[in-house]
Each structure stands twice: as structure tokens, then as C-alpha cells.
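For the sequence shown, counting from 1, position 46 maps to 42 in this note's numbering; every step adds exactly one. Note that CB positions come from ideal geometry on N, CA and C, so glycine has one too. Accompanying notes for the structure given below.
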Amino acid sequence: MRMLEEFFPEFTTKLDEIDKLYADARTIDEKTYQFICFALSIKARSKPCVLKHFKGALEAGATVKELSYIFALTMREAAGADDCWTHDVLGDWKEILEGNVSCSCCGDED
């Protein structure tokens, strides 16, 4: 966000305000919050956020074993979701092979 801080500081200021709003309105404990953020950071593939929330969870009383469980759960659920979504998208695979399914992103007409 360094570039945004330099060229669009109003945006980063608003993000800081949103962060404060979330913190003020939080209805879950810090450890649970860090677990959720850790899982979302893994799914988003954000290295800085994974590190931030791993450390934040430890500071909130989490153990490495608990974080390992969250990591495994996230990977399993993400794989399942990706698998289900992909099966849904490719559910008509025989029609795709027949050329009966169009894709507007490829220039096909719907």
C-alpha cells in the first residue's frame, strides 16, 4: 500500500477508518478474530496478512497446534469449495465437447 499512501492517501485513510469501525463493533474475541483473518489470508494468498494474523493469533493466546488446525481446515474447505465449484462449472462437460456450450469470454455468442 506504499504507493497508495503516497499517491492516494485519502483512500488509505478511509481503510484505516473502516479498520477502526470493525474493531469498535467486534463481537468476537481477539483469538477468534485472528483465526478468521488467518484463514481468509491463506485463501487470499496474502503472505503479509498470513504472517500478521499468525503472529496476532499467537499474541491472542493461540498455539501453533491450533493454527495448524486452522491451516488444515482452510486448505480442506478451500479445496472442497474449489472442487465443488469446478464440478458445477464443468457439469456439462459432454456438451462442451460437443461444442454446445458457449463462453462469452472467448468471443462465443450466448
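What does the Cβ neighbour count give for residue 64, buried or exposed, with the cut at 16 atoms within 10 Å?
exposed
Does the separation of the CB atoms of residue 116 and residue 17 fall below 8 Å?
Lying before the first or after the last residue shown, residue 116 is absent from the chain, which here runs from -3 to 106.
message: Going by DSSP in three states, residue 98 sits in which element: helix, strand or coil?
response: coil
Anyone know if the C-beta pair for residue 39 and residue 68 falls short of 8 Å? no
Practice item. Note down, in chain order, each residue of its chain lying with its Cβ closer than 7 Å to the Cβ of residue 50, except the 5 sequence neighbours on either side. Key: 34, 63
- Mark residue 31 as exposed unless 16 or more other C-beta atoms lie within 10 angstroms of its C-beta, in which case mark it buried. buried
Worksheet entry | Which of helix, strand or coil DSSP assigns to residue 37 | helix
- Specify, as a first and last residue, the run of the alpha helix (DSSP H) that residue 4 falls within. Counting along the chain, residue 4 falls outside any alpha helix (DSSP H), and DSSP gives it neither H nor E.
On the three-state DSSP scale, how would you describe residue 64? helix
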